[in-house]
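Asker:
Residue numbers (my numbering): 2 to 205.
1) Under a Cβ-count criterion, where at least 16 other Cβ atoms within 10 Å of its own Cβ denotes burial, should residue 56 be classed as buried or exposed?
2) Since residue 152 is in the alpha helix (DSSP H), which residue starts that stretch and which ends it?
3) Roughly how many whole angstroms lie between the Cα atoms of residue 198 and residue 38?
4) Mind reading off the beta-carbon distance from residue 4 to residue 73? Whole number of angstroms is fine, and I expect it under 8 Å.
5) In its own chain, which residues sit with a C-beta less than 8 Å from the C-beta of residue 86, not counting the 5 before and 5 after it?
6) Just confirm the distance between the C-beta atoms of residue 67 and residue 40, as a whole number of angstroms; I'd bet it's less than 8 Å.
7) Give the straight-line distance between the Cα atoms of residue 162 and residue 156, rounded to the nearest whole angstrom.
8) Name the DSSP beta bridge partners of residue 165, please?
9) In the DSSP assignment, find the alpha helix (DSSP H) that holds residue 81 and state where it starts and stops.
10) Do residue 122 and residue 109 have their beta-carbon atoms positioned less than 8 Å apart in this structure?
11) Please name the residue in 24, 26, 76 and 62 whose C-alpha comes closest to that of residue 138.
12) Whole angstroms are fine: how far does the CA of residue 47 sit from the CA of residue 147?
13) Within this structure, are the beta carbons of residue 132 and residue 44 separated by less than 8 Å?
14) Rounding to the nearest angstrom, what Cα-Cα distance links residue 168 and residue 100 in this structure?
15) Sort out for me which residues DSSP pairs residue 22 with in a bridge.
16) Residue 114 to residue 51, Cα distance in whole Å?
17) Grab me the residues of residue 29's own chain with a C-beta within less than 7 Å of its C-beta, minus the 5 sequence neighbours each way, in chain order.
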């Protein structure tokens, strides 16, 4: 099981349907899957391997979605880094989560800690588009109990704590939401409920 396999299934069955819309730009399921595979291949070429963690320091944007699915395809675990966090907060989460890499963007990169505060980080990727690899890369099959994301709490009473979501958690939640809302192509604008794509949680 791998949440990215849901995207791949939708890309096969509903290639031309719209999967993502952002500021007037549209991606079909086929385009979104191909783009995430290129990013996944680029991450893999950096030496990232299953079980590694990657900080996703990106605003709500297509790049966040691509990075999340790309990491999942190769078994790397995304850690959502809220772009509104202060440098000190980011330093703590990156260290606690032992992120091997961080993906960011020029508009928010200035908030990241200096290299000596990110000792676990081997790569800081400032442009997702630069991760341009094999568009045919397929998601690896993982155990449903494998982590597919780590979300840190807001820490109103202490240090943030990482909450791990498994592939099984996210896929089951997606299916349950789809069933509860009775989502169809007519009501959701997405693929039919039986091939609904698991949603990537954004960073804010």
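C-beta: ideal position from N, C-alpha, C; glycine also. A quick note: this is a predicted structure, and the numbers were derived from the prediction, not measured.
Answerer: Looking at the coordinates:
1) buried
2) Run containing residue 152: none in the alpha helix (DSSP H); it sits in the beta strand (DSSP E), 148-153.
3) Its pLDDT being 41, under 50, residue 198 is placed unreliably by the model, and the measurement read from it follows with that caveat. Each residue's alpha carbon lies about 15 Å from the other.
4) 5 Å
5) 94 and 112
6) 5 Å
7) 7 Å
8) 151
9) Taken as a continuous stretch (DSSP letters only), residue 81 belongs to no alpha helix (DSSP H), being part of the beta strand (DSSP E) at 78-81.
10) no
11) 76
12) 22 Å
13) yes
14) 19 Å
15) 27
16) 25 Å
17) 16, 17, 18, 19 and 20
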